[in-house]
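Residue numbers (UniProt numbering), protein chains in the order written: chain A, 1 to 187; chain B, 1 to 237.
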C-alpha cells in the first residue's frame with residue numbers, strides 16, 4: 001500500500017484532523033494552479049473541495065489504491081475538473097492557461113484513466129437528471145432511493161401501474177439525453 | 001402490451017411477469033439495439049442508486065470548515081492591519097455593504113413554469129396559467145391571490161405552495177413566505193432544495209443570518225441551486 005493512501009482514508013472516514021492536514025499541505029498548491037490558469041482564488045478553493053469529494057466517491061465505491069503521491073493524484077483530478085469548468089463556461093476567455101500543466105498528458109492520467117472516466121460519466125448522469133422535468137426527477141429519485149414502489153405511488157397520489165409507466169418514460173428520457181452527451185455518444 | 005421501455009424497467013427491477021419475460025427474451029435475442037438500451041439502463045440505475053443514496057454531506061461540511069479555518073489563519077495578518085481603518089469609513093461600509101453583499105441576482109426568482117400539475121379541469125388550468133402570467137410579469141400581488149385560491153382548493157399540490165412562497169418573496173412578505181416554504185424545505189419533494197434557498201433569503205431579509213446559513217448548508221450538491229447557495233453562503237461568511 002502506498003504510504004500516502006492515508007490521505008484517502010482521511011476522506012473516507014471524514015477525519016477532521018486529517019482533512020485539515022490535507023488543506024494545510026496541498027490546499028495552496030491546488031489553488032495556485034487554478035489561479036495560474038485563468039481562475040480566481042475562490043475558483044481554486046471550489047475546485048479543491050469538489051476534487052476532494054470526487055476522490056472520496058472514487059475511493060468509496062471501488063477498490064482504489066493510490067499508485068503515485070497524493071499530491072499528484074489530487075492535482076490530476078483538480079486539473080480535469082478545472083478544464084471541464086472552462087469548457088462549460090465558454091464565455092470565459094481562456095488566454096492564460098499554463099501549457100506545462102494543462103497540455104501535457106502525464107503518466108498519472110494513464111494510470112488513473114478508468115477511475116477518472118467513470119467519475120466523469122457518473123457526474124454527467126447526475127447533471128442530466130437535473131435537466132428533466134420536476135415530476136420526472138421526483139419519480140426517479142424516489143424509485144432509486146426505495147424499493148417499496150407501492151408506497152411511493154401512494155405518497156405521490158398515483159396508482160402503482162401509473163408509477164411504473166411514468167418511471168419507464170422518465171428513464172427513457174434520461175437515456176436519450178445521456179446518449180446525446182459527447183461522453184456517451186457512439187463514435 | 002408493454003412498451004420496450006416498460007419491459008426494460010420491469011426487468012431491471014425484477015418484476016417481469018412470465019408473459020413479459022417471454023417478450024423481453026424475444027427482443028433480447030433479435031434486437032441488438034435493445035441489448036444496448038438494457039446495458040445503458042443498467043448503468044443508469046447503478047449510478048443513480050449509488051449517487052442518490054451516498055451521503056457526502058458530512059464530508060462537504062468538514063471540507064468547508066477546513067477551508068474556512070485555513071483561509072482565516074492565512075488572513076490574520078491582513079485582518080490585523082485593518083483595525084486602524086477609521087470608524088467612519090467602517091460605518092459607511094456597513095451601510096453600503098448590504099447592497100454589495102446581497103446583489104439582486106441572489107434574490108432573482110425563477111420563471112414559473114406554464115403547466116398544469118394535476119387533473120385536467122379547465123378552470124383550474126386557466127387559473128394556474130393566469131398565475132403563471134402574473135408571476136412572470138412580476139405582478140406578485142395578483143399571482144399570490146390566484147395561488148392562494150388554488151391552494152385552498154387543493155392543498156396537496158406542492159407546486160402551488162412553492163410558487164405561492166416565491167410570490168410572497170416577490171411581494172417582500174418574507175415572514176409569510178416562510179410559512180409556505182418551510183414545510184417544503186423540511187420535506188422530501190423536488191422543491192426541497194429551492195425552498196431551503198428562498199427560506200434562507202427570507203431569513204437574511206429578517207436579519208436572521210445564522211438561520212439562513214443553516215438553511216443554505218442543507219442544500220444538496222445534486223441540486224441545481226447548489227452553486228448559487230454556496231456563493232450566497234460564502235458572502236454570508
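Idealized CB from N, CA, C, for every residue including glycine.
Residues of chain B whose Cβ lies closer than 7 Å to the Cβ of residue 165 of chain A are, in chain order, 6. Among the residues of chain A, none has a CB under 9 Å from the CB of residue 135 of chain B; the nearest is roughly 16 Å distant. By the neighbour-count definition (other C-beta atoms within 10 Å, threshold 16), residue 160 of chain B is a buried residue. Within chain A, the residues placing a beta-carbon under 7 Å from that of residue 70 of chain B are 23, 24, 27, ordered along the chain.
For the stretch 25-53 of chain A, residues whose beta-carbon sits nearer than 8 Å to a beta-carbon of chain B comprise 27, 42, 45, 46, 48, 49, 52, 53.
Going by beta carbons, residue 20 of chain B and residue 40 of chain B fall outside the 7 Å limit. Within the stretch 1-20 of chain A, those residues whose Cβ lies closer than 7 Å to any Cβ of chain B are, in chain order, 11, 14, 16, 19, 20. Taking all protein chains in view, the Cβ of residue 227 of chain B is surrounded by fewer than 16 other Cβ atoms within 10 Å, so the residue is classified as exposed. Listed in chain order, the non-local C-beta contacts of residue 209 of chain B below 8 Å within the same chain comprise 203, 236, local neighbours out to five positions each way being set aside. Between residue 63 of chain B and residue 52 of chain A, the C-beta spacing is below 7 Å. Apart from the 5 residues on each side of it in sequence, residue 82 of chain A sits with its Cβ closer than 7 Å to the Cβ of 34, 37, 39, 47 in its chain, given in chain order. Remark: three or more beta-carbon pairs, one from each stretch, lie closer than 8 Å, so the stretch 188-197 of chain B and the stretch 152-169 of chain B are flagged as touching. When Cβ-Cβ separations below 7 Å define contact, residue 130 of chain A makes contact with chain B. Residue 200 of chain B is positioned such that its CB atom lies closer than 7 Å to that of residue 212 of chain B. The shortest C-alpha to C-alpha distance from residue 233 of chain B to any of B/221, B/214, B/145 is the one to B/214. For residue 134 of chain B, the closest C-alpha among the options B/112, B/152, B/150, B/219 is that of B/112. For residue 54 of chain B, no alpha helix (DSSP H) run applies, since DSSP gives it neither H nor E. Exclusion of the five residues before and after residue 223 of chain B leaves 193 as the residues of its chain whose Cβ lies within less than 7 Å of its Cβ. In this chain, the alpha helix (DSSP H) harbouring residue 43 of chain A covers 41-61. Per the Cβ contact rule, the stretch 53-64 of chain A is in contact with the stretch 48-59 of chain B (3 or more Cβ pairs under 8 Å). Rounded to the nearest whole angstrom, the C-alpha separation of residue 71 of chain B and residue 41 of chain A is 11 Å. Rounded to the nearest whole angstrom, the C-alpha separation of residue 57 of chain B and residue 1 of chain B is 43 Å. Listed in chain order, the alpha helix (DSSP H) runs fully inside the stretch 134-164 of chain A are 134-145, 149-156, counting runs of at least 4 residues.
The Cβ atoms of residue 168 of chain A and residue 5 of chain B lie closer than 7 Å to each other.
For the stretch 131-157 of chain A, the beta-carbon criterion of a distance under 7 Å to any beta-carbon of chain B is satisfied by 134, 137, 138, 140, 141, 144, 145, 157.
The three-state secondary structure of residue 71 of chain B, taken from DSSP, is helix. Excluding the 5 residues flanking it on each side, residue 178 of chain A has same chain C-beta neighbours closer than 8 Å at 124, 125, 128, 184, in chain order. The alpha carbon of residue 187 of chain B has as its nearest neighbour, out of A/150, A/182, A/142, A/172, the alpha carbon of A/142.
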